[in-house]
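Under the numbering used here, the final residue of the sequence shown carries the number 120; numbering is consecutive throughout. We treat Cβ as the ideally placed atom computed from N, Cα and C, and that holds for glycine. Everything below concerns the one structure shown next.
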Amino acid sequence: MTDSPLDAYVSQLAATLARSNVTALVLAVNGNNQLGAPLLNHPGIRNWNGNLTRVGHHDKNAFALEADAVLPAYMYADRAHHWHAHLNDQGAWVRCQADADGAVPITIAITQTRDQEDQS
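See below:
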């Protein structure tokens with residue numbers, strides 16, 4: 001049994017999307033329009049929209065603990081989520097569906113500021 005033209009077309013589309021997403025992932029970390037700003041002295045951790053981010057699929061609990069350890073005393077990592085982001089038409093990184101064109105997987109630690117009473 002041979003692949004139909006439709007099967008070949010679908011396979012080609014899947015390969016193109018996979019290449020597009022790998023390219024987007026590399027550009028998110030190394031390109032001219034990076035996803036967030038690298039956090040100094042903490043390789044792989046980036047600051048995006050006020051939260052700590054690591055590009056790629058990572059264990060959420062481990063990343064929340066790691067992020068919490070690098071935050072200043074008046075902040076803490078509340079929890080972590082796994083999202084996807086891509087560049088929109090205006091060149092901004094925005095949250096998107098995992099199957100969107102150019103989607104980059106990211107693990108995000110949601111940061112919070114401690115109450116004044118917690119800091120004493």
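Buried/exposed call for residue i, threshold 16 Cβ in 10 Å
i: Ala28; result: buried
i: Gly50; result: exposed
i: His57; result: exposed
i: Arg79; result: exposed
i: Gly31; result: exposed
i: Leu52; result: buried
Straight-line Cα distance separating residue j from residue i
i: Gln34; j: Asn61; result: 25 angstroms
i: Ala77; j: Asp7; result: 46 angstroms
i: Val55; j: Asn41; result: 16 angstroms
i: Gly36; j: Asn88; result: 15 angstroms
Residue i - DSSP class collapsed to helix/strand/coil
i: Ala109; result: strand
i: Met62; result: The amino acid at residue 62 is misidentified as Met; the sequence shows Ala. The answer is helix: DSSP assigns Ala62 an H, G or I state.
i: Asn30; result: helix
i: Ala73; result: coil
Cβ shell of residue i (< 6 angstroms), same chain only, five flanking positions each side left out
i: Ala100; result: His86
For residue i: DSSP bridge partner residues
i: Pro5; result: None, per the DSSP bridge assignment.
Residues near residue i by beta carbon distance below 8 angstroms, same chain, minus five either side
i: Ala98; result: His84, Pro105
Cβ neighbours of residue i in the same chain (closer than 7 angstroms, five flanking residues each side left out)
i: Cys96; result: His84, Ala85, His86, Ala103
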